[in-house]
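J.:
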Amino acid sequence: MAADWKKCDLIAKILATCPQQSLSPESYYKDICPQVLDLFHFQDKLTARQFQRVATTTFITLSRERPQLAAKYLLQPVLAPLHRCLNTAEIPESYRVPGTILVTEEELCGCIEDVFKVYVVGNEPLTVLMDSLLPVLGVLFLLYCFTKQSVSHIRSLCQEILLWILGKLERKKAIASLKGFAGLDKAVPSLHSLCQFRVATQGGIMITIKEAISDEDEDETLYQKVSSEQDRVEHLGDLLSLCQECGLAGDFFIFCLKELTHVAMENEAELKTKPFSSKSLLELEQRQTLLVEGQEQKLLVLQLMAVLCKRMSEQIFTNITQVVEFVAATLQRACASLAHQAESTVESQTLSMSMGLVAVILGGAVQLKSSDFAVLKQLLPLLEKVSNTYPDPVIQELAVDLRITISTHGAFATEAISKAAQSTLNKEDPEGKIEEPQQSSHERHTDVAHSHLEQQQSHGIAPQTGLQSDAPVTPQGVNEPSTATSQKSGSITTEQLQEVILSAYDPQIPTRAAALRTLSHWIEQREAKALEMQEKLLKIFLENLEHEDTFVYLSAIQGVALLSDVYPEKILPDLLAQYDSSKDKLRPETRMKVGEVLMRIVRMLGDMVSKYREPLIHTFLRGVGDPDGAHRASSLANLGELCQRLDFLLGSMVHEITACLIAVAKTDSEVQVRRAAIHVIVLLLRGLSQKATEVLSDVLKDLYHLLKHVVCLEPDDVAKLHAQLALEELDDIMKNFLFPPQKLEKKIVVLP
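Okay, so the sequence shown: first residue is 5 according to the numbering used here, each after it adds one.
1) Shortest alpha-carbon distance to Tyr583 belongs to which of Gln676, Asp632, Glu539 and Leu558?
2) What is the DSSP secondary structure of Gln200, reduced to helix, strand or coil?
3) Apply the 10 Å Cβ neighbour rule to Gly241 and answer buried if 16 or more other Cβ atoms are within range, or exposed otherwise.
4) Assuming Ile107 is part of the beta strand (DSSP E), what are its boundary residues?
5) Could you pull out every residue in the same chain whose Cβ sits closer than 8 Å to the Cβ of Asp720, ignoring the five residues on either side in sequence?
6) Give me the Cβ distance between Leu729 and Thr205, rounded to the nearest whole Å; I'm assuming they're in contact under 8 Å.
7) Which residues does DSSP list as the beta-bridge partners of Thr212?
8) Enumerated in chain order, which unbroken segments of the alpha helix (DSSP H) with a length of 4 residues or greater are wholly contained in the segment 565-644?
9) Just list the residues that DSSP pairs Leu195 with in beta bridges.
10) With distances taken Cα to Cα, identify the nearest neighbour of Tyr33 among Val140, Glu573, Ile408 and Ser67.
11) Locate the alpha helix (DSSP H) running through Glu97, then write down its first and last residues.
12) Give me the Cα-Cα distance between Leu1 and Arg407, rounded to the nearest whole angstrom.
13) Express the C-alpha separation of Cys37 and His683 in angstroms, rounding to a whole number.
14) Within the same chain, show all residues whose beta-carbon is closer than 8 Å to that of Leu312, passing over the 5 residues directly before and after it, in chain order.
15) Just curious, the alpha helix (DSSP H) that His683 is in, first and last residue?
16) Can you give the Cα-Cα distance for Leu700 and Arg53, rounded to whole angstroms?
17) Quick one: residues in its chain with C-beta nearer than 7 Å to the C-beta of Gln382, no 5 flanking neighbours on either side, listed in chain order?
18) Give the secondary structure of Val753 by DSSP, where H, G and I count as helix, E and B as strand, and everything else as coil.
19) Using 8 Å as the threshold, is the segment 100-120 in touch with the segment 169-188, meaning 3 or more CB pairs across them?
20) Do you know whose CA, among Leu620, Ile324, Cys664 and Leu264, lies nearest Ala338's CA?
21) If you follow the alpha helix (DSSP H) that Leu402 is part of, which residue opens it and which one closes it?
22) Any contact of the segment 91-99 with the segment 154-162, i.e. 3+ C-beta pairs under 8 Å?
23) I need the boundaries of the alpha helix (DSSP H) containing Tyr123, first residue and last residue.
24) Are Val379 and Ile324 touching if we call contact CB-CB under 7 Å?
25) If distances are taken between C-alpha atoms only, which option among Asp630, Ile685, Lys214 and Arg626 comes closest to Glu645?
26) Any contact between the segment 181-197 and the segment 56-73? By contact I mean 3 or more CB pairs, one from each, below 8 Å.
27) According to DSSP, simplified to helix, strand and coil, what is Glu128?
28) Distance check for Glu600 and Val556, CA to CA, integer angstroms please.
29) Grab me the residues of Asp262's own chain with a C-beta within less than 8 Å of its C-beta, minus the 5 sequence neighbours each way, in chain order.
30) How would you label Tyr509, buried or exposed, when you count the other beta carbons within 10 angstroms and need 16 or more for buried?
31) Around the C-beta of Asn740, are 16 or more other C-beta atoms found within 10 angstroms, so that it is buried, or is it exposed?
32) Quick one: what's got a C-beta closer than 8 Å to Tyr123's C-beta in the same chain, skipping five residues either side?
33) Judging by CA-CA distance, which residue of Leu742, Leu707, Val754 and Glu718 is the nearest neighbour of Leu731?
34) Among the candidates Val58, Ile496, Leu361 and Ala518, whose CA atom is the shortest distance from the CA of Val125?
35) From which residue to which residue does the alpha helix (DSSP H) around Pro511 run?
36) For Pro619, which option in His635, Asp630 and Pro577 has the closest C-alpha, if you only look at C-alpha atoms?
Set out below in structure tokens:
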């Protein structure tokens, strides 16, 4: 193997050497580079493997020898499909027609595969390679997010490319890229606003021009925007969970914490500007826009922190410096809150836990060196400010003691530091717990929810403080996060629960939404007192589905889904009855929201969804006969996704489904419903593939006649296109069934 690699390297060096008969290095690169790229694209897999090492090594050698020429003749052609759809690119008018394919399935797939071969397999972080990939990382991340929605062979390639570049970049550039991924930095290049990813006919992905959005679809557009942002943050959390050992996840968490403080201070400064009367209408409008953007930024940072706290383990912080930066950011937030007269129980608890973390470090959990104390001394000015200004005397005293201990390099330590360390490490020492100030009834339910978040943070950080140099050592007495959560399962009181339930009916939208989110959090954490009132909570969530505010009803949808995940056998029949057309108790809009709840439950159940296959399918089939056209289309869409989640293992019910689809596609009066029915047929054929001849044997002929009928007589072009795609799928299935591909096999027979 080593000899083969040496041969490959030798061939690469020969290919990269400019011959004397070439007029110039540029003319040589212009001629040789297309041939090097062709080495990546052999159709025969065995030949491709043999030449891949040569191609990758030659590519890297050329990039090292002549970076400018390599950028022009190698990197630019490879990355061209991604550059074509950047928001910084100019899309010609002739390509702006909705539905136009900007990047074909073959181009996009080839681009990702080539990038993987050069960057990840080649594994040489040359400056020209890194600089060329940076502008298209935003598009690459969004493509990675899109692949997470379905099965795609390029998902793992996108993930490996992103992990490789994030690990090789300078930390500041890596954080800047993550900001762009999260949507916190609009200046980072991303996907063009006119472009979208779509599943292609061969199962790959292509990039097309978006359809025009009508004014009637504003609510749907808003819902899609909120959902896509939530998904993007969740997928970013998945990616960062793989970047914990290198410390990138910890650095990004600290950045988010600092950003939250920065955004809060910016909002406060903006509110203290000159009065409205001295502003023009244009200035007022601009100011209002800035305020809205600031609030969106703050909510996004909060969402990021929630995801990071949920996904990251105790390995998120890998050295003392990161822990100190985290504590410093927390102290700065506390000081900023005091300056704005916004001190609350949440701030007090967060401050206590972060200072307790410092106490753990100083209390012997870490073998500290002189260099570590030099880092810890960065906290001295902030601790002094807290000791002089914070109203809680317990926190004041602890801040003073921590300052003394850090200044004396641990030579002096008080009993308060020992108690704070024990409290942070969850040891059973009631006297060591820091007292909590009284809280008002208005803020109590929100504080309880945040306290869970802070507990997760403290448990996620405390074990990592046991490091000597860079090696993590878990101190004794530290509980695992899952254990700590189970021990806190009864941490809420009946009074707190009643407070939150009352707030779920509050006329103020922020209060109501916060209450719903808190109830959802308690259900997710399996709080016993909350689960005992499952019927009451279900009633609250269902009633809030009727609310017109997007944030309220989305919170209610999440709550019902989480409750159903705990008690599917009890909750699911009630939801099916609510969705069922024969139980017309809800408004059409609310029934659509119940449908979204059902699909979230289906996704959460995973393989267990097969247990509830029949009631779900029967409910959606009844929905197809509903008088409301929107509900019929929604039922068909839900049916299609359910079939996919069941892996098309439908049993005898496949005949009921196909009969329903045929009837709807031929006779329904509304075009959206006919489109949805034909789309489900496409999904069935594509999902069953070669099994279609067995599973659909009795109805395959009827489906063929239906699709031909649609292609010939259907007035809607979109429905025609879907039917044509289904016919092509059916044609491939039958060809492979009648003329299976021949395989050359060598049989070895052992004679007796």
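The C-beta atom is built at its ideal place from N, Cα and C for all residues, glycine as well.
T.: Here's the rundown:
1) Asp632
2) strand
3) buried
4) The sequence given here places Val at residue 107; Ile does not occur at that position. That run of the beta strand (DSSP E) goes Ile105 to Val107.
5) Val675, Arg678 and Arg679
6) 6 Å
7) Ile105 and Gln200
8) 572-583, 592-609 and 617-628
9) Leu90
10) Ser67
11) Here Glu97 belongs to no alpha helix (DSSP H), and DSSP marks it neither H nor E.
12) Coverage of the chain is limited to positions 5 through 756, which leaves residue 1 absent and any answer about it impossible.
13) 43 Å
14) Gly241, Leu244, Ala253, Phe256, Phe257, Cys260 and Ile320
15) Val675 to Leu692
16) 39 Å
17) Val328 and Ala332
18) coil
19) no
20) Leu264
21) Pro397 to Ser411
22) no
23) Careful: Tyr123 lies outside any alpha helix (DSSP H) and carries neither H nor E.
24) yes
25) Ile685
26) no
27) coil
28) 15 Å
29) Just to set this straight, residue 262 is Lys in the shown sequence, not Asp. Cβ within range, chain order: Ala333 and Gln336.
30) exposed
31) exposed
32) Leu133, Leu137, Ile165, Trp168 and Ile169
33) Leu707
34) Val58
35) Here Pro511 belongs to no alpha helix (DSSP H), and DSSP marks it neither H nor E.
36) Pro577
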